């Protein structure tokens, strides 16, 4: 019996199936954390994975950093959405979920790091605090939200 052989092995990082198998669940969780709507998150997942495979040229040595590149690419694609979401949160018109458990500094640090991808050093400089204090506030924020969700 003859078997068809694919020219592109499924283990190659340029194959969309490989990206889907490796990163779809993590990326969907990340997108869902930003978008907060499962249907829209899945739509964004499909478009982002498809365009990432077409647009991004991966270097051979960068295979170890694919997740970071994919996450940065996703942040760029969702930048308009996150800016709109941040504006809505600052006006108080959205459901904050576990964010209302946090004090103001913890909320600012968590949103800046998680949703907007800001670095600890950048936040320390802009908020006029040291990096240790920013890290502690981020840790406290994550701990409060974990305890509230039962994890």
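Residue numbers (the numbering used here): 136 to 286. Heads up, the beta-carbon is just placed ideally off N, CA and C, and yes, glycines get one too. Given the structure is predicted, the values throughout are model-derived calculations rather than measurements.
Closest by C-alpha distance to residue 164, out of 252, 190 and 206, is 206. DSSP, reduced to helix, strand and coil, places residue 186 within a helical segment of the structure shown.
For residue 171, there is no enclosing alpha helix (DSSP H), since its DSSP letter is neither H nor E. In the assembly as shown, residue 174 is an exposed residue. Its beta-carbon has fewer than 16 other beta-carbons within 10 Å.
Only residues of its own chain outside the window of five on either side were considered, and among them 272 have a CB closer than 6 Å to the CB of residue 240, listed in chain order. The DSSP assignment places complete alpha helix (DSSP H) segments of no fewer than 4 residues inside the segment 222-281 at 239-249 and 255-262, in order along the chain.
Here DSSP, grouped into helix, strand and coil, assigns residue 181 to helix.
If the five residues before and after residue 233 are omitted, its C-beta is found closer than 8 Å to the C-beta atoms of 279, 280, 283 and 284, all from its own chain and listed in chain order. In the three-state reduction of the DSSP assignment, residue 213 falls in the coil class. Between residue 188 and residue 151, the beta carbon gap of about 5 Å places them in contact (Cβ cut-off 8 Å).
Non-local C-beta neighbours of residue 159 in its own chain, meaning closer than 8 Å and more than five positions away in sequence, comprise 180 and 184, ordered along the chain. Scanning its chain for C-beta atoms nearer than 8 Å, with the 5 sequence neighbours on each side dropped, one finds around residue 157 the residues 201, in chain order. By the Cβ-count criterion, residue 209 is buried, with 16 or more other Cβ atoms from all chains shown falling within 10 Å of its own Cβ.
The three-state secondary structure of residue 285, taken from DSSP, is coil.
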